[in-house]
Amino acid sequence: MATVVFVHAHPDDEASQTAGSMARAAKEGHRVVLVVATNGDHGDAPDDLADGETVVHRRRVEAAASNAVIGTHRVEFLGYSDSGMTGWAQNDHDESFVRADTEEAAQRLAAILREEAADVVVGYDWHGGYGHPDHVKVHAVARRAAELAGTPRYLESSMNRTAMIRGHEAALAAGLDVGDWDPSQPMDDGNPLGSLESELHWACDVSDFLEVKREALRAHASQSDAQGMLQMPEQMFAAGFGVEHFIEPGRPDGMVVGWFLDG
Numbered sequence: 054m055a056t057v058v059f060v061h062a063h064p065d066d067e068a069s070q071t072a073g074s075m076a077r078a079a080k081e082g083h084r085v086v087l088v089v090a091t092n093g094d095h096g097d098a099p100d101d102l103a104d105g106e107t108v109v110h111r112r113r114v115e116a117a118a119s120n121a122v123i124g125t126h127r128v129e130f131l132g133y134s135d136s137g138m139t140g141w142a143q144n145d146h147d148e149s150f151v152r153a154d155t156e157e158a159a160q161r162l163a164a165i166l167r168e169e170a171a172d173v174v175v176g177y178d179w180h181g182g183y184g185h186p187d188h189v190k191v192h193a194v195a196r197r198a199a200e201l202a203g204t205p206r207y208l209e210s211s212m213n214r215t216a217m218i219r220g221h222e223a224a225l226a227a228g229l230d231v232g233d234w235d236p237s238q239p240m241d242d243g244n245p246l247g248s249l250e251s252e253l254h255w256a257c258d259v260s261d262f263l264e265v266k267r268e269a270l271r272a273h274a275s276q277s278d279a280q281g282m283l284q285m286p287e288q289m290f291a292a293g294f295g296v297e298h299f300i301e302p303g304r305p306d307g308m309v310v311g312w313f314l315d316g
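So for the sequence shown, my numbering puts the first residue at 54; every next one is plus one.
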């Protein structure tokens, strides 16, 4: 059995991006650890905060509930502040993750990888999937931490833009109203969403864990983005979340439809 450490930028990112793989790994007997880089302090502030309760506290409580559903064995926070979206004033705050020294942040993460004797660490692709500054920073920090800790395998979570383009074209051909959605349009940093299929190495079937993903998203009840995903029609949710994709630098080109923990 392996120990797999998933690194995410904010509380709730695990629910939308890798909850299926995390739940599958846990069910198969692997040890699953989540490390969250930021406190998520610039997420939505719920109306029902109690006296003395902060957004950070609420989001940690929600993260605990989400990961209890997933089956995560340990949740750790690196303790940085949420940097906000590109161009926000929060980008320049001293404690923001995007301003953190990459080597220092990587050392914090590497300490957890060593403590866990991690076999696999999973970060983000080179532009964090959609260009959010904290996601881009996770890419650099996770990659460097894997080097520092000597973790045997390093993977990057991404999204299959080619599949999304096929779905978009099929919807248009069928005359469906897709609004202004276009998977090829520039995202937060000017790059399109995710990665082309030719850049991916793993397409992992997590369709048996779709309800786990829904429950994980529900646990992040204060966050509108997470709750908005739950409004997707069942068939669309299954199409969008039933397969999780990963890049594994150093592997031969070509996407394998399989499970990265087999063998």
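No residue lacks a Cβ here, since even glycine has one placed at the ideal position from N, Cα and C.
Cβ neighbours of Leu263 within its own chain (closer than 8 angstroms, five residues either side excluded): Gly73, Phe290, Ala291, Phe294 and Gly295. With fewer than 16 other beta carbons inside 10 angstroms of its own, Met54 counts as exposed. For Phe59, DSSP records a beta bridge to Leu87 and Val175. When C-beta atoms of the stretch 215-225 are compared with those of the stretch 183-200, fewer than three pairs fall below 8 angstroms, so the two segments do not count as touching.
Comparing alpha-carbon positions, the option among Ala269, Arg167 and Gly140 lying closest to Gln70 turns out to be Ala269.
For Glu81, the closest C-alpha among the options Asp97, Thr56, Glu67 and Asp100 is that of Thr56. According to the DSSP secondary-structure assignment, Phe299 is paired through a beta bridge with Ser210 and Trp255. Per the C-alpha coordinates, the member of Glu148, Trp255 and Ala117 positioned closest to Arg304 is Trp255. Counting other Cβ atoms within 10 Å of its Cβ, Ser136 reaches 16 or more and is therefore classed as buried.
In the three-state reduction of the DSSP assignment, Val309 falls in the strand class. The residue from Ile123, Glu252, His298 and Lys266 with its alpha-carbon nearest to that of Glu287 is Lys266.
Rounded to the nearest angstrom, the gap between the Cα atoms of Arg111 and Gly281 is 19 angstroms. When only Cα atoms are considered, Val174 and Gly228 end up about 42 angstroms apart. Look at Val151 here: in three-state DSSP terms it is helix.
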